[in-house]
Amino acid sequence: MQQSSEYQATGYQTIVRAIGWLTIVFLFFPVLLTIIVSFNASFFIEFPPKALSIDWYGNIAKIHRIGHATLISALVALASATVATLFGICASLALVRTELPAKAAITAFFVSPITIPMVAIGIALIQFFILLGTAFTWYSLLIGHIVLVLAYPIRTLVASLTLSNMSLEEAARSLGATRLQVFMTITLPQMKPGLISGFIFAFLISFDNYPISIFLVRGGLTTMPIELFNYITQNLDPTPAAFSSLYIAIVSIIIFFAEKRWRIISYAIH
Amino acid sequence: MPGLELEGVNVWLGAQHVLKNIDLSVAEGECVALLGPSGCGKTTTLRTIAGFIVPQEGCVSIAGKSTKDLPPNKRNVGLVFQDYALFPHMTVSENVGYGLRMRKIDGKARAQQVEQALAMVQLLHMKDRMPSQLSGGQRQRIALARALVIQPDILLLDEPLGALDRKLRDQMQVELKQLQKKLGITTIIVTHDQEEALSLADRVAVMFDGQIAEIGKPVNLYETPSSLKVMEFLGSSNILSMVVNSREARGAILSGYQHYSIQVEHCAFSVGDRITAAIRPEHIGILPISELTSDTLEASTVECVYKGGLVEVHCRLSDGTPIKAQSDANCVQRLNLMQQGLKIALRLNSSRLQLFSNSPNELTHDRT
């Protein structure tokens, strides 16, 4: 047929497509497995499941202190994402809008927590907090998480500020706006996509962090990933899979709407 | 009282001396174009007037008031950017009303003034659109309405028509000129487009290397520029090196190309001086070689460039000097100028010949 030749891919394109699909499968398979296992009727994690049930979802409450830990995780994530975003606004303004010497070095420093192993950050933080005598407090946990998530809002805010033309701010100035009015009416609205995506990513990174939190918690101070992991080490049933599936569903819904409304993923990748 | 005055303005950006002693006085309601190649300091001048750059030396006065220590938001200046700088998150009305909002003009009064400004640029029906939904020409007009609605003391336009296609540019050029005259607002236009400068402005300031080389009415600047550099920058010109042969009451006879000599009415040079004579292509007549006399130059054709209506005839003198003349399709056909290497005679219009002294270097070079 004449038509089919248009759709016929070259050998090279076929290989690229195959790699693309394999990557998607590779990334998505663990998620899919978790969801399937969570509906497994059996007491042990097995695949494929022999019978289906939703009992494990009812069992979530049996995870030790899970409600309390999830609340702390949510509060820490909210607070660290807020502080990191506010800090990100200031840092990105300085990095994009001023003639700062060694901009590249400063940017690299701000985003360095991404490149350092989290365990190393955790050990460094706890030694630091022990030295200060503030270890294992809510505040040291919060500060540790701010260090962890800081890079995300800085990156997205720098991207949205770079995309926004400086002449907009100058136009507003010439129309009679003070520096503060320019910031509130022009600069901040222009930063909005980066602001929202940076905040959401910072929140999510903090919310499910284990390797840093493990060094910073003790006794009554605990977080959701830590209690979940504790449960896994002592039990073999699929309750954590049920919890994880619930978590995946909620996060997916948030990201789906945030992407539709503010195109957050495009900004995070930028 | 001048609408705008710059006195001894010097600006250094880092170690670079960007504006060197700029003096400029613009009458109220006058339109002056700053014209020059990129990097000549014309945009820096505009940004200094707007207040985004504070000059290290000199002062800027707008409508008779010194702008010393006055930030951009206190200068009452209407600014139109090359990229229009419309606020992408606001509607057309909100864009135009922004300056009024900052002036605490609210409610009905603001809505009324915004509508008036939009009606002035014939875009009232677009008031609820977002800037991204407008064409280039429409954005340009909204930017203009936004700058004018605050009733500025002075209007600053940075390459206002640079981003538009040719046809739209011609149309906007006429509209802009009419609007500027109707409102009688003091206007500064920054442009690298000569046609834009010559057609829009009452006076044009040609800038080179951070200085104003010459300022004058477009016709004077084009026809009788004070320096060879300005002559070469504006339009196209032919450069001939000549010698003053003999002097008369005020004029002189010049020569330099074989038997050719030309009598000019005004000449400030003495006998024996080597000078540079410049003439525009439209002031050179093309004759058949049979009419070659001592007051015409012998040349041979190189190429004809068709420019629609006019034809630019590229020639070469016998010593190899390139020379351009302007002709029309009729003449090209009659004399068969399309043929390469055809011998022709060129008659320079002596009253349009501009004489300049050679630079000192060339002078010493000639004497050795």
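Read top to bottom, the protein sequences are chains A and B.
Start counting the first sequence at 1; every next residue gets the next number (our numbering).
Start counting the second sequence at 1001; every next residue gets the next number (our numbering).
C-beta atoms are modelled at their ideal positions from N, C-alpha and C, and glycine is treated no differently.
Just so you know, these numbers come straight off a predicted model, no measurement behind them.
For chain A, find out if any of its Cβ atoms is closer than 8 Å to the Cβ of alanine 1109(B); answer yes or no.
No - not a single Cβ of chain A is within 8 Å of the one on alanine 1109(B).
Listed from N- to C-terminal order along the chain, which residues in the segment 1068-1093 of chain B have their beta-carbon within a distance smaller than 7 Å of any beta-carbon of chain A?
Cβ contacts with chain A: Pro1072, Asn1073, Val1077, Leu1079, Phe1081, Asp1083, Ala1085, Phe1087 and His1089.
By alpha-carbon positions, which one of Leu95(A), Leu22(A) and Tyr57(A) ends up nearest to proline 240(A)?
The residue among Leu95(A), Leu22(A) and Tyr57(A) with its C-alpha nearest the C-alpha of proline 240(A) is Tyr57(A).
When we look at the beta-carbon of threonine 19(A) and count the other beta-carbons within 10 Å, is it buried (16 or more) or exposed?
Before going on, a small fix: residue 19(A) reads as isoleucine here, not threonine. Per the 10 Å Cβ criterion, exposed.
Nearest CA to the CA of leucine 148(A): which residue from Phe47(A), Phe207(A), Ser174(A) and Asn59(A)?
For leucine 148(A), the closest of Phe47(A), Phe207(A), Ser174(A) and Asn59(A) by C-alpha to C-alpha distance is Phe207(A).
Between the segment 1095-1122 of chain B and chain A, which residues of the former have CB atoms less than 8 Å from a CB of the latter, in chain order?
Cβ contacts with chain A come from Tyr1098, Gly1099, Met1102 and Arg1103.
Three-state secondary structure (DSSP) of methionine 1242(B)
DSSP places methionine 1242(B) in strand when its eight states are reduced to three.
Alpha-carbon spacing of valine 1174(B) relative to glutamate 1265(B), whole angstroms
Inter-residue distance for valine 1174(B) and glutamate 1265(B) is about 38 Å (C-alpha atoms, whole angstroms).
Positions along the segment 1040-1051 of chain B whose CB lies within less than 7 Å of some CB in chain A:
Listed by position, the residues of the segment 1040-1051 of chain B near chain A (Cβ gap below 7 Å) are Ala1050.
CA-to-CA distance, serine 164(A) to glycine 198(A), given in whole angstroms:
Serine 164(A) has its alpha-carbon roughly 16 Å from the corresponding atom of glycine 198(A).
Which same chain residues, not among the five before or five after serine 1199(B), have their C-beta less than 7 Å away from its C-beta?
Cβ contact annotation for serine 1199(B) (same chain, cutoff 7 Å, sequence separation greater than five): Gln1173, in chain order.
Does any residue of chain B bring its CB to less than 8 Å from the CB of arginine 263(A)?
So, not an interface residue.
I'd like to check one pair, leucine 1004(B) with valine 1011(B): are the Cβ atoms closer than 8 Å?
Not in contact: valine 1011(B) and leucine 1004(B) (Cβ atoms no closer than 8 Å).
Three-way DSSP call (helix, strand, coil) for threonine 1368(B) in this model:
The predicted position of threonine 1368(B) is uncertain, since its pLDDT is 26 and thus under 50; no value can be drawn from it.
Buried versus exposed call for phenylalanine 203(A) [16 or more other C-beta atoms within 10 Å across all chains shown]
Buried: at least 16 other Cβ atoms inside 10 Å.
Using 8 Å as the threshold, is the segment 1302-1312 of chain B in touch with the segment 1255-1265 of chain B, meaning 3 or more CB pairs across them?
By the C-beta criterion, the segment 1302-1312 of chain B is judged not to be in contact with the segment 1255-1265 of chain B, since fewer than 3 inter-stretch pairs fall below 8 Å.
Beta-carbon separation of isoleucine 1022(B) and threonine 1045(B) under 8 Å?
Their beta carbons are under 8 Å apart, which means isoleucine 1022(B) touches threonine 1045(B) by this criterion.
Identity of the residues DSSP links to proline 1088(B) by a beta bridge
By DSSP's assignment, proline 1088(B) forms no beta bridge with any residue.
Flag this pair as touching only if the segment 1286-1293 of chain B and the segment 1338-1356 of chain B have three or more C-beta atom pairs under 8 Å; answer yes or no.
Segments in contact, yes.
Verify whether the separation of the beta carbon atoms of glycine 1136(B) and glycine 1058(B) is less than 8 Å.
No, the pair does not count as a contact, with Cβ atoms beyond the cut-off.
Cutoff 8 Å: glutamine 181(A) Cβ touching any chain B Cβ
Chain B, which has a Cβ nearer than 8 Å to the Cβ of glutamine 181(A), makes this yes.
Only counting runs of 3 or more residues, tell me where the beta strand (DSSP E) segments fall wholly within the segment 1200-1265 of chain B, in order along the chain.
If we require 3 residues or more, the beta strand (DSSP E) runs fully inside the segment 1200-1265 of chain B come out as 1203-1208, 1211-1216, 1238-1247, 1252-1257 and 1260-1264.
Against chain B, does alanine 159(A) count as a neighbour if the rule is that its beta carbon must be under 8 Å from one of theirs?
Not an interface residue.
Under the assumption that valine 1114(B) contacts leucine 1134(B) (Cβ atoms under 8 Å), give the Cβ distance between them as a whole number of angstroms.
Between leucine 1134(B) and valine 1114(B) the Cβ distance is about 16 Å, and since that is not below 8 Å, they are no contact.
7 Å CB neighbourhood of serine 1066(B) in its chain, flanking five on each side removed
Excluding residues within five positions, the ones whose Cβ falls inside 7 Å are Cys1059.
Could you list the residues in the segment 179-207 of chain A with a C-beta less than 9 Å from some C-beta on chain B, going in chain order?
Across the segment 179-207 of chain A, CB contacts with chain B closer than 9 Å involve Arg179, Gln181, Val182, Thr185, Ile186, Pro189, Gln190 and Lys192, in sequence order along the chain.
Kindly indicate the opening and closing residues of the beta strand (DSSP E) around aspartate 1158(B).
Unbroken beta strand (DSSP E) run through aspartate 1158(B): 1154-1158.
Completely contained alpha helix (DSSP H) runs for the segment 1137-1185 of chain B, where each covers 4 or more residues:
1166-1183, all fully within the segment 1137-1185 of chain B.
Taking the straight line between their C-alpha atoms, what separation do you get for isoleucine 1275(B) and serine 1241(B)?
Cα atoms of isoleucine 1275(B) and serine 1241(B): separation of roughly 6 Å, rounded to the nearest angstrom.
For a cutoff of 8 Å on Cβ pairs, would you count isoleucine 1189(B) as touching chain A?
Isoleucine 1189(B) is outside the set of residues whose beta carbon lies under 8 Å from a beta carbon in chain A.
Out of Ala1033(B), Val1026(B) and Val1077(B), state which residue places its alpha-carbon closest to the alpha-carbon of proline 1218(B).
Ranking the options by Cα distance to proline 1218(B), first place goes to Ala1033(B).
Against isoleucine 1286(B), what residues of chain A qualify as contacts under a CB-to-CB distance less than 9 Å, listed in chain order?
Here the premise fails: no neighbours, minimum Cβ distance about 49 Å.
For isoleucine 1150(B), which residues in chain A fall below 8 Å Cβ to Cβ?
Within chain A, the C-beta atoms nearer than 8 Å to that of isoleucine 1150(B) come from Leu175 and Gly176, in chain order.
DSSP state of lysine 1108(B) mapped onto helix, strand, coil:
If DSSP states are grouped into helix, strand and coil, lysine 1108(B) belongs with the helices.
Hey, does alanine 172(A) have any beta-carbon neighbour from chain B nearer than 8 Å?
Output row for alanine 172(A): interface = yes.
If the cut is a Cβ gap below 7 Å, which residues of chain B does leucine 168(A) touch?
By Cβ distance, chain B contributes Ala1085 and Phe1087.
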